[in-house]
Amino acid sequence: MNPDKLNTTATKTPPALEQDDDREPTKEELLADLRIALRDAIAGEEGIPAREGLEAIRRRIYGDADHS
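FYI, the numbering used here numbers position 15 of the sequence shown as -3, with every residue one higher than the one before it.
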């Protein structure tokens, strides 16, 4: 063991292991999720149809508000 060359990175907590539910996902996490979704789509994994998903998002954002 060489005390002059301590491994300071071993004491740091990696960002992925931090337990903060209020944080925004990082660019790397978003890209990883996108890669998984694209692989599933290419493999034929079935999920919710796009139009149905978009409508669900609209309902979630706007609720039952009448915007006319």
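Beta carbons are placed, not taken as given, at the ideal position from N, Cα and C, and that holds for glycine. Nothing here was measured: the structure is a model prediction, and the numbers come from that model.
Proximity of residue i and residue j at Cβ, strictly below 9 Å
i     : j     : result
Leu30 : Ala38 : The amino acid at residue 30 is misidentified as Leu; the sequence shows Ile. Their beta carbons are under 9 Å apart, which means Ile30 touches Ala38 by this criterion.
Cβ-heavy atom distance, residue i to the ligand GDP, below 8 Å
i     : result
Ala32 : Looking for the ligand GDP in the displayed structure turns up nothing, as the structure carries no ligands at all.
(message) Could you tell me which whole alpha helix (DSSP H) segments of length 4 or greater appear in the stretch 5 to 31?
(response) 9 to 25
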